[in-house]
Amino acid sequence: MTSDLNTLCWNVRGLNSTACCLAVHETLKSTTALACFLGGYRLNNFVHKPAQGTRGGIIILWNDNMTLLSDVQIGNFSLSAMVTIRDSGTMFLLTSVYGPSQRTQKVAFLQHIRAIKPPPGINWLLLGDFNFIYRARDKNDTNLNLRPMRQFRAALDYCKLKEIHMQNRKFT
């Protein structure tokens, strides 16, 4: 993959607020990202997976002059597309996820991630709001459930994925 792939991934909250919409707009205007992935939105345009009530919505925005998206697939917890960077011809599968917060759906989510793993030879960027903790130190308190953490790691290992660690923030 090319090293100059600038992306923005943001689990947006409060898009029904004018101030939040302005903040998103200003951020998008100021970025040099080739693609932007928003989770938690409640809008119905662009390439999107509609929200279910107040959660689960995913939208992918991109610059057509620089990036081509094709083969869009909407899954139970994901939105995927093949991405081609026009200048370099670099191709990869992009998958944006919105993991369930309900414990009863977490195993199905991890099975979904395993099922959508692309075949060998296809680069894969998986991002979004997983609603899982990968490392204990990412948690902002000591209330940990180690079993789901191990299950999440096992799914990432099965898919041969590497975590890009979150910087300067902890999960709830």
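Note that UniProt numbering has the sequence shown beginning at 1, numbered continuously upward. All C-beta atoms, glycine included, are put in the ideal place defined by N, C-alpha and C. Remember, predicted model here, so these are calculated numbers, not experimental data.
**Asked** Do I116 and S70 come within 8 Å of each other at the CB atom, strictly closer than that value?
**Response** no
**Prompt:** Straight-line CA distance for H113 to R137?
**Reply:** The question names His, but residue 113 in the sequence shown is Ile. About 24 Å.
**N- and C-terminal bounds of the alpha helix (DSSP H) containing F109** = R103 to A115
**Request:** Could you tell me whether the Cβ atoms of L156 and N123 are closer together than 8 Å?
**Result:** no
**Request:** Could you tell me the distance, in whole angstroms, from the CA atom of N44 to the CA atom of S88?
**Result:** Since pLDDT at N44 reaches only 36, below the 50 mark, its modelled position is unreliable, and the value read off the structure follows with that caveat. If you take the alpha carbons of N44 and S88, they lie about 31 Å apart.
**Request:** Can you give me the start and stop residues for the beta strand (DSSP E) that L144 sits inside?
**Result:** No beta strand (DSSP E) holds L144; DSSP gives it neither H nor E.
**Message:** I believe I58 touches G128 by the beta-carbon criterion, under 8 Å. Please report the beta-carbon distance rounded to the nearest angstrom.
**Reply:** 7 Å
**Prompt:** When we look at the beta-carbon of L126 and count the other beta-carbons within 10 Å, is it buried (16 or more) or exposed?
**Reply:** buried
**Request:** Taking all protein chains shown into account, decide if R135 is buried (16 or more other Cβ within 10 angstroms of its Cβ) or exposed.
**Result:** exposed
**Request:** Drop a sphere of 10 angstroms on the beta-carbon of L22, count the other beta-carbons inside from all chains shown, and report buried for 16 or more, exposed for fewer.
**Result:** exposed
**Request:** Compare the C-alpha of P148 against each of D141, C9, Q102 and K160 and name the closest.
**Result:** Q102
**Asked** Are there 16 or more other CB atoms within 10 angstroms of the CB of G56, so buried, or fewer, so exposed?
**Response** buried
**Message:** Using a Cβ-Cβ cutoff of less than 6 Å, which residues in the same chain neighbour Y158 once the five nearest sequence positions on both sides are dropped?
**Reply:** R114
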